[in-house]
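Numbering (UniProt numbering), first residue to last: 1 to 151.
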């Protein structure tokens, strides 16, 4: 699944944020296609890129783009009643985008995927609960590499 599109080249103030949350009551997996369509359109318009992973009612998302735009989008996400327990796991100023051609890549992770690429992490239930940043950061990077290898 590719939603490639041209991105604005103004990445001078590029920021990336990784957050975890879980679905609030009432949001079903069947609601995700409409949510993705809306988010991709918003991200395209705003010059944001990234990935969204979903498993067992949990979201893990990496968003990247201009710092001010990213802050505004995160405030909207934090106020969205479809998210509960939102926690920012990582915020940094990367040298370049990790997902420059994806307005929002998406993967619903299933149990059968956990053995497809030996050596790569395909789950994130420990990442969004771990309070130790020294353990969280390597796990996040491993999960991002897993997604990049698959796509």
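All residues carry an ideal CB built from backbone N, CA and C; glycine is no exception. Computed from a prediction, not measured in an experiment: that's the story for all the values here.
Item, Value
"Buried or exposed by the 16-neighbour rule on C-beta atoms within 10 Å, applied to residue 18", "buried"
"For residue 38, three-class secondary structure by DSSP", "helix"
"Residue 103, DSSP secondary structure in three states", "coil"
"Own chain, CB closer than 6 angstroms to residue 21, minus 5 neighbours either side, in chain order", "59, 83, 85 and 86"
"Nearest-angstrom Cα separation, counted from residue 56 out to residue 50", "20 angstroms"
"Between the CA atoms of residue 65 and residue 40 - distance to the nearest angstrom", "14 angstroms"
"Burial state of residue 105 (16 or more Cβ within 10 Å)", "buried"
"Own chain residues within Cβ distance below 7 angstroms of residue 46, not counting five before or after", "65, 69 and 73"
"Among 89, 79, 44 and 67, nearest to residue 103 - alpha-carbon criterion", "44"
"Residue 95 to residue 52 span [Cα, whole Å]", "21 angstroms"
"Through-space distance from residue 42 to residue 76, alpha-carbon basis", "12 angstroms"
"Distance between beta carbons of residue 35 and residue 97, contact taken as under 8 angstroms", "The Cβ separation is near 22 angstroms, so there is no contact."
"Nearest residue (CA-CA) to residue 91, options 79, 101, 67 and 99", "67"
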